[in-house]
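Residue numbers (the numbering used here): 48 to 314.
Glycine is no exception: its CB is placed at the ideal position from the N, C-alpha and C atoms.
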Amino acid sequence: MIRWYGVMYAVAFWLAWAMLPYLGRKRAFLLSRDQWTAIIAFGALGVVVGGRLGYVMLYDPQYFITNPLEIFKIWHGGMSSHGGFIGAALGVWLAARYFSPSYEGEREGVSILAIADILSVPAALGLALGRIGNITNGEFGLYPFYEAGADILIAAVCYVMLRSSSPLPFREREGVRGSRVAVTPLIRALHKGKANLLPKQEKGATARNGKIFASFLILYSIARFLLEYVRPQEWSYIYGLTRGQAYTIPLLLSGVLLWIYAHKHRI
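This is the structure in structure tokens:
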């Protein structure tokens, strides 16, 4: 039996790989194909590992405690979108922070949140593709139809925001703290070519890195919370909320706090 959910995961990662250089140019990002490939590779690994561990810990921990080898059998199904969010964020952060040797001896960088803004579009489309996989497998009734439609709308909103925003002037990262990280050649060990990573300088730039990603988190959280009411429930409730709704609240709060912070600061 073909696990269409897994097939759609693969399609989503390929789509992100194909889209990111184009979307990056909309934000004046001059990252190479190899660098985007590294970001996608670590992000994809984070999605799979985080999604699986999230399902194990959040939905059926007792079963996996008594059957630990089942944790590795992801082809049996069982992924958590909330765990996938956390895993993807860590994967992208690791790719940007630790796998980026300096470019010609300098410590150059761009905001990790600027990368997250660009990733918001393929991320929303990837979520939609995952629900299409659910539809193909005949899972969750009508719920995947509704969420796939919502995710496509969210992707459209993020794309419009991306196109309409002006890139921030480049400012060199200072120190190791804060939201700015090195994004110089991410896989220089594999590809020794040089690339100019500095975003184009534009006068009067008004974009605030992180607002698109924050909007993505907020819109997805609201859609997921509301659509849980039409999703067949297989798990217990938490204070009257489904598990999906309860786990979505921290995601929503994170998006709201990030949006407020990004609105007040140029990051």
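Whole-angstrom distance between residue j and residue i, CA atom to CA atom
i	j	result
Ala-270	Ala-202	13 Å
Tyr-286	Ser-79	48 Å
Gly-257	Leu-274	26 Å
Gly-188	Gly-302	29 Å
Ile-159	Gly-291	27 Å
Phe-192	Asp-164	26 Å
Gly-93	Gly-173	14 Å
Ala-135	Thr-113	28 Å
Trp-64	Ala-171	14 Å
Ser-283	Phe-272	16 Å
Ile-296	Ile-265	10 Å
Gly-125	Cys-205	28 Å
Trp-306	Thr-289	26 Å
Arg-255	His-310	7 Å
Lys-120	Trp-51	16 Å
Arg-144	Tyr-308	22 Å
Thr-84	Glu-186	32 Å
Leu-70	Ala-293	33 Å
Leu-62	Thr-183	19 Å
Ala-195	His-312	33 Å
Gly-90	Ile-118	20 Å
Val-95	Ser-212	31 Å
Met-66	Arg-178	20 Å
Pro-108	Pro-279	20 Å
Leu-200	Tyr-56	19 Å
Gln-82	Leu-137	16 Å
Asp-198	Val-168	10 Å
Arg-74	His-123	40 Å
Val-17	Arg-72	Not covered by the structure: residue 17. The range shown for the chain is 48 to 314.
Ile-133	Pro-68	23 Å
Where residue i sits in the DSSP three-state scheme
i	result
Leu-67	helix
Ser-158	strand
Leu-305	helix
Leu-288	strand
Lys-120	coil
Leu-78	coil
Glu-21	Beyond the ends of the chain as shown, which are 48 and 314, falls residue 21; an answer cannot be given.
His-129	helix
Leu-189	coil
Gly-257	coil
Asn-114	coil
Asp-107	coil
His-312	coil
Ser-283	coil
Ser-212	coil
Glu-219	Here the model assigns Glu-219 a pLDDT of 36, short of 50, so the residue's position is not dependable and the matter cannot be decided.
Beta-carbon separation (whole angstroms), residue i vs residue j, contact threshold 8 Å
i	j	result
Ser-268	Leu-299	4 Å
Ile-259	Leu-209	6 Å
Leu-100	His-129	No, Leu-100 and His-129 are not in contact; Cβ-Cβ is about 11 Å, not under 8 Å.
Val-139	Leu-166	7 Å
Tyr-102	Ser-127	4 Å
Tyr-190	Val-277	5 Å
Leu-176	Ala-59	5 Å
Ile-87	Ile-162	With 8 Å as the limit, Ile-87 and Ile-162 do not qualify as a contact, their Cβ atoms being about 11 Å apart.
Gly-131	Gly-98	4 Å
Near the ligand MN: residue i beta-carbon under 6 Å from a heavy atom
i	result
Ala-161	The ligand MN is not part of the structure shown, which contains no ligands of any sort.
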